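Sequential numbering from 48 applies to the sequence shown in the working numbering.
Glycine included, C-beta positions come from ideal geometry on N, C-alpha and C.
The model shown is predicted, which means the values in this text are computed figures rather than measured ones.
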Amino acid sequence: MADIDSNLRAIMGSVDGSIGVALVDYTSGMALGTVDGGAGLDLTVAAAGNTDVVRAKLRTMEMLGLNENIEDILITLGSQYHLIRPLTGRGGKGLFLYLALDKRRANLAMARHQLAKIESDLEV
48 MADIDSNLRA IMGSVDGSIG VALVDYTSGM ALGTVDGGAG LDLTVAAAGN TDVVRAKLRT
108 MEMLGLNENI EDILITLGSQ YHLIRPLTGR GGKGLFLYLA LDKRRANLAM ARHQLAKIES
168 DLEV
């Protein structure tokens, strides 16, 4: 768990505007690790809810016959961005990174780029 926690803390420290991050198992909806940036976001609730989002998108892609991988899913709120990035590397099957960002402080393009880089380097 220490490796997961240190990786999540690294994400919080390297992505401007981060308010919370979680590593989530979308087969169970459980958060394997969370780091709250002090915004009071309940990351365990977010993990469970966003599991439904990932599952729904995967089902829809299957019904459409799309043989693609999800790079990320973006949910835009009035004051926040929520990024969901399924892990594609070895050992990451069934897992996704969830990152909540303060819209006023975050650069969305840079956050997506940094999350992709972190995901490629992440060892679970």
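According to DSSP, residue pairing for Q161 in a beta bridge does not occur. Taking 9 Å as the cut-off, the beta carbon of V71 is found no closer than this to the beta carbon of L55. By the neighbour-count criterion, in which a residue is buried when 16 or more other Cβ atoms sit within 10 angstroms of its Cβ, N97 is buried. Pairing L121 with L155 gives a Cβ-Cβ distance under 9 Å.
Proximity to L142 across G64, I131, L148 peaks at I131, based on C-alpha coordinates. Between the alpha carbons of P133 and I117 lies a distance of about 7 Å. Taking all protein chains shown into account, E115 has fewer than 16 neighbouring C-beta atoms within 10 Å of its C-beta and is therefore exposed. If you draw a straight line from the Cα of H129 to the Cα of L146, it is about 6 Å long. Your pair D149 and S126 checks out as a contact, with CB atoms roughly 7 Å apart and the cut at 8 Å. Taken in chain order, the complete alpha helix (DSSP H) segments of 4 residues or longer contained in the region 53-132 are 90-111.
G85 sits exposed, since fewer than 16 C-beta atoms from the chains shown fall within 10 Å of its C-beta. Within the DSSP secondary-structure output, L148 pairs in a beta bridge with S65, Y128. No Cβ-Cβ contact shorter than 9 Å links A94 with T74.
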